[in-house]
Amino acid sequence: MLKHKLLLLSGAVFLGLAIVLSGCAKSTVAPTTSSSKPATTSAASSAPATSAATSAKPSTAPSPTTSAKPSTAPSPTTSATTAVKAKELKAVFFNPPSGTNNQVFAKNFPDMLSKTTNGALTVKILGGPEVIPAMQLFEAVRSGAVDIGIVPPGYYESEVPEGSAFRLSRLGVAKEWSSGFRDLENKFHEDKGVHLLGRQAFLMPYYVWLKKPFNKPSDLAGLRLGAITSTYYPAVEFFKAVPVAIKTADVYDGLSKGVIDGICQAMPQVVDSAWAEHLKAVVDEPFLEMDTLVIMNLNVWKGLTKDQQAQVTTVMRDQYEPAYGTYAAGLQAEKRKALLEKYKVDFVKLSDTDSKAFLGYIYDKSWEYTKKIVTPERYDQLAKVLK
């Protein structure tokens, strides 16, 4: 009897031990199941917050689910949505963007555009000719290799010869917009696969710079003067000098090694590129003016919404160009002072008679040149607006 009782007692102990062990096993498995739920929520981070919260079922989940804080999941989702909506436009300059004349665009235009579009459109400056050579920049914009190019029309004259009319304009930027000149030029540009946004630089006239001093116009006869584009040919020809086609990157060496006796260019680049180190005199008769333009890939432009297109145009016309006009006046004075005081360049004025003849010759020849490179119909359209 005693033996029977002992057997019953040992059986009960064994059964109790089994139940305890079974409970331990279940409590070990439970955290494993709950810890997998945050992974599921994370993988579905693109789902709305309410959906994520419902699937988590916090009323039945163990304590580890609470520590996962599913309420924070919407944060990455919001950031991803913003990233998708924002469009970054990549831009390249035809010359180094570090130049003082380029800084006003490089620093201000991206900020103006971002603020106006509430961050929907941003501009990233990739660099200058080290990224895309200046003479290839138009094609890079047209092909979509880059979204925006800052380049003078003389660098792509073979594609849009009508762009040469920008250097002939005496309207002022505000009237260029209101007269229909900008719309006309944009039509010509869009025919070749790019959209014209506006001017990057203006109110920066060109000068003839020389390595040696001179007293009268005839002293320039026979000199080899560097001309980066055809824009400068009439000025060189007036003095019976010889135009030498040269790339911007080769001007410094050309001056230092005697390949050229002078160069035609605006003041900022002469100082910023250190060409002034080799110059002694300048014909103090400003002619035409810098006509660097801002162009955009046509497909990129068409891909913007109507509101975004209007915002880009407003930023260029009403914010950037007026700001640049104020800046240009100060920059001219600053560079002139550096040329006089630091580089000791002699500014030589022509007589009234020679000055009038010089400017008259340049504008007449420039219009003649434009007439040769554009169709008669387009020449008449340009002349009607500008003359």
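Numbered according to the numbering used here, the sequence shown spans residues 1417 to 1803. Where a beta carbon is used, it is the ideal one built from N, C-alpha and C, also for glycine.
Close-in-space but distant-in-sequence residues of the same chain around residue i (CB under 7 Å, 5 per side omitted)
i: Y1795; result: T1786 and K1787
i: P1621; result: A1682, P1702, F1703, L1704 and E1705
i: A1502; result: G1535, A1536 and T1538
i: T1516; result: P1684, D1688 and L1747
i: A1690; result: Y1668
i: V1801; result: S1595, G1596, F1597 and L1600
i: P1629; result: K1696, A1697 and D1762
i: T1729; result: none
Nonlocal neighbours in the same chain, by C-beta distance under 8 Å from residue i, ignoring five residues either side
i: D1700; result: Y1623, F1763, V1764, K1765 and L1766
i: V1652; result: V1624, L1641, A1643, V1658, P1659 and C1680
i: S1771; result: E1701 and K1765
i: V1429; result: Note that V1429 scores a pLDDT of 35, beneath 50, so its modelled location is shaky; the value from the coordinates is reported in the next line. Nothing meets the Cβ criterion.
i: L1714; result: R1558, E1606, G1609, V1610 and H1611
i: V1500; result: Any reading at V1500 must be qualified, since the residue scores a pLDDT of 44, below 50, and its modelled position is unreliable; the value itself is stated next. If we look at V1500 and ignore the five residues flanking it on each side, it has no Cβ neighbours.
i: R1645; result: Contrary to the premise, residue 1645 reads as Thr rather than Arg in this sequence. Cβ neighbours of T1645 beyond the five flanking positions: P1568, G1570, Y1571 and E1573.
i: S1438; result: Reliability fails at S1438, whose pLDDT of 40 lies under 50, so the model's placement of it is uncertain and no value is given.
i: S1452; result: For S1452, the predicted structure reports a pLDDT of 37, less than 50, and the residue's modelled location is therefore unreliable. A value from the coordinates is still provided. Around S1452: no qualifying Cβ.
i: Q1797; result: L1600
i: G1638; result: K1656, A1657 and V1658
Contact set for residue i: own chain, Cβ-Cβ below 6 Å, skip 5 residues either direction
i: T1532; result: Q1727 and V1731
i: W1593; result: R1733
i: Q1725; result: none
i: S1672; result: H1694
i: V1716; result: D1563
i: N1544; result: Rather than Asn, the amino acid found at residue 1544 in this sequence is Gly. Closer than 6 Å at Cβ, skipping near neighbours: F1509, N1511, P1512 and P1513.
i: N1602; result: L1612
i: I1547; result: This sequence places Val at residue 1547; Ile is not what is there. Excluding positions up to five away in sequence, the list reads V1508.
i: A1556; result: I1548 and V1562
Cβ-Cβ separation, residue j to residue i (assumed contact under 8 Å), whole Å
i: K1718; j: D1677; result: In fact, because the Cβ distance is near 48 Å, the residues do not count as touching under 8 Å.
i: V1508; j: L1529; result: 16 Å between Cβ atoms; not a contact.
i: Y1743; j: F1525; result: Incorrect: roughly 12 Å between the Cβ atoms, too far for contact.
i: L1612; j: L1709; result: 6 Å
i: A1661; j: V1761; result: Not quite, the Cβ-Cβ distance comes to about 24 Å (not below 8 Å), so this is no contact.
i: I1778; j: S1580; result: Not really, about 13 Å apart at Cβ, beyond 8 Å.
i: L1755; j: A1799; result: Contact doesn't hold; Cβ gap of about 36 Å is too wide.
Residues that residue i bridges to, as DSSP identifies them
i: E1546; result: Paired residue(s): none; E1546 is not in a bridge.
i: E1504; result: T1538
i: L1625; result: For the sequence presented, residue 1625 should be read as Trp rather than Leu. W1625 pairs with I1679 and V1698.
i: V1520; result: Looking at the DSSP assignment, V1520 forms no beta bridge with any residue, so it has no partner.
i: G1614; result: V1710
i: F1703; result: Y1622
i: F1582; result: Note: F1582 sits in no beta bridge, so no partner.
i: F1509; result: I1566
Short Cβ contact (9 Å threshold) for residue i with residue j
i: F1510; j: A1561; result: no
i: L1636; j: F1618; result: no
i: V1610; j: V1576; result: yes
i: D1707; j: P1569; result: yes
i: I1711; j: V1567; result: yes
i: R1583; j: T1664; result: no
i: V1686; j: K1751; result: yes
i: Y1740; j: R1615; result: yes
i: P1650; j: K1781; result: yes
i: E1578; j: F1604; result: yes
i: P1792; j: V1589; result: no
i: K1758; j: W1783; result: no
Residue span of the beta strand (DSSP E) that contains residue i, given as start and end
i: K1753; result: Here K1753 belongs to no beta strand (DSSP E); instead the alpha helix (DSSP H) covers E1737 to E1757.
i: L1709; result: L1709 to N1713
i: L1641; result: R1640 to A1643
i: F1763; result: D1762 to V1764
i: P1792; result: Element bounds for P1792: not the beta strand (DSSP E) but the alpha helix (DSSP H), P1792 to L1802.
i: V1658; result: V1658 to A1661
i: V1567; result: I1564 to V1567
Residue i: first and last residue of the uninterrupted alpha helix (DSSP H) it sits in
i: R1558; result: L1553 to S1559
i: F1774; result: D1768 to I1789
i: T1729; result: K1722 to T1730
i: L1600; result: F1597 to E1606
i: L1671; result: V1667 to S1672
i: E1653; result: Y1649 to F1654
i: S1594; result: V1589 to S1594
Neighbour flag for residue i against chain D, beta carbons, 9 Å
i: K1540; result: Given the protein chain composition of this structure (a single chain), no chain D is represented.
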